[in-house]
C-alpha cells in the first residue's frame, strides 16, 4: 500500500526520538488550523443526516453547482473506481499515490503518465485522473485544457477526475463551477487549507446522476455530525479564509526562500515545497536521514512504483519549528563544506 506523510509513529519507532520532540513537516496541511467552535450536545447524540446547509456552504465556497460531502476525499478516491466496469485509466504521475492504487485494486488497467504526456493518452483511455495543483510536484494544468479533455472523454462515456485538494490558494485554477458537465468529477478537501485533516471531510462536485451514484455507494451517515457543524462554519468564514490565504502566501514564500538559500531549488504550492532527487544533488536519502536525526520529519519519496524520488517539505507550525528547520539545513551545509 502507498505510504503517506504525518506518520510520526514510524518516525518514533525508527529513530527513537520521543513523539513530542519532532517537527513534523511531512504533510501539506495548514499549521494554523481553523479554530474549532464549541459543539452542541446533539452533535454527538443524533445520527448525522445529510446537511443541506453544509452542501450549500460548500457550493458557495468552492463554486460547485451541486456537491456531496464525503469522509475526506480519500473516501471518494476509493469509491469512484467501484462505480465503473473494468476500463483503462490514465493517472498523472508522480502524484498522490492513492489514485492509481485504488483504480488498480478495483481491477482496472492503470497507465501512469507524466503531465507532459497526459494528452497523448486521451484517445486510448476511458478515465483520466489529474491532481491540480499536483501533489507532490506542484505542477498545474490550465482550466481550458482540462475542460477540453473532459469534452473528449465525455463524448465516449468517459470521465475526467480532477483532484483539487490543494486548490484553495489558487482559485483561478479550479473547474469546480463546471462540475455539472457530463463526465466530470471535482474533488475538494477541507483538511489541507483549513488545517482540519482530523475532521475527515471533503466534497465532490459532479452531475446529478453521478452524485446520486456516489451517494448510493457511500450509504447513509457518511460524514459525522461534529464534522458537519465545524465545516459549515469554516466554509462560511470569509474573513478567516482571506487572512489565511495571505498567511500561507507569506509562509510558502518563506519556505521557498529557506530552501533556495541552502542550494535547493524547489517547486510546489503555498502549503508545501518539493525538491526532486536532481535538485537535491542526488543526496535525497542522506538528506532525509540527516533531517530525521535532528528531529525534522520530512516526507521522503523513495522512487517506488507509486511515487517520485525526492523530498517534500510542509510548513513548520511555530517560529521555534522554523528555527529548528533552519538549523538542520545549516548543519547539512557545514557538513558538505568540511
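Numbering (our numbering), first residue to last: 38 to 375. Cβ coordinates follow ideal geometry from the N, Cα and C atoms, glycine included. Computed from a prediction, not measured in an experiment: that's the story for all the values here.
When C-alpha distances from residue 136 are compared across 242, 168, 269 and 313, the shortest belongs to 168. With respect to the 7 angstroms criterion, residue 39 and residue 116 are not classified as neighbours on the basis of their beta carbons.
In the DSSP assignment, residue 306 falls within the unbroken beta strand (DSSP E) covering 304 to 306.
Ranking 337, 329 and 312 by CA distance to the CA of residue 362 puts 329 first. Beta-bridge pairing by DSSP links residue 333 to 60. By the Cβ-count criterion, residue 187 is buried, with 16 or more other Cβ atoms from all chains shown falling within 10 Å of its own Cβ. About 7 angstroms separates the CB atoms of residue 174 and residue 345; that is less than 8 angstroms, so the two are in contact. Between residue 249 and the set 106, 180 and 176, the nearest pair of CA atoms involves 106. Here residue 273 carries a helix assignment [DSSP, helix/strand/coil]. With a contact defined as Cβ atoms closer than 8 angstroms, residue 193 and residue 162 miss out at about 10 angstroms. If you draw a 10 Å sphere on the C-beta of residue 227, you find 16 or more other C-beta atoms in it, and that means buried.
One Cα belongs to residue 75, the other to residue 92, and the distance between them is close to 21 angstroms. In the DSSP assignment, residue 301 falls outside any beta strand (DSSP E), carrying neither H nor E. For the pair residue 358 and residue 166, the CB atoms are not nearer than the 7 angstroms cut-off.
Where residue 310 is concerned, the enclosing beta strand (DSSP E) starts and stops at 309 to 313.
Annotated three-state conformation of residue 124 is coil, per DSSP.
Ranking 113, 323 and 216 by CA distance to the CA of residue 180 puts 216 first. Per DSSP, residue 226 lies in no alpha helix (DSSP H) segment; the continuous beta strand (DSSP E) that holds it begins and ends at 221 to 226. Within the DSSP bridge table, the entry for residue 346 names 339 as partners. Per the coordinates, the alpha-carbon of residue 243 lies some 15 angstroms from the alpha-carbon of residue 190. In the three-state DSSP reduction, residue 212 falls in the coil class, being neither helix nor strand. Distance from the CA atom of residue 246 to the CA atom of residue 323, rounded to whole angstroms, is 50 angstroms. Rounded to the nearest angstrom, the Cβ distance from residue 238 to residue 109 is 6 angstroms, consistent with a contact under 8 angstroms. Rounded to whole angstroms, residue 272 and residue 98 show a C-alpha spacing of 6 angstroms.
By the criterion of at least three beta-carbon pairs nearer than 8 angstroms, the stretch 252 to 269 is in contact with the stretch 77 to 88.
For the options 233, 232, 212 and 235, the alpha carbon positioned closest to that of residue 224 is the one of 212.
Residue 310 and residue 208 have their C-alpha atoms spaced approximately 19 angstroms apart. Beta-bridge pairing by DSSP links residue 200 to 168 and 224.
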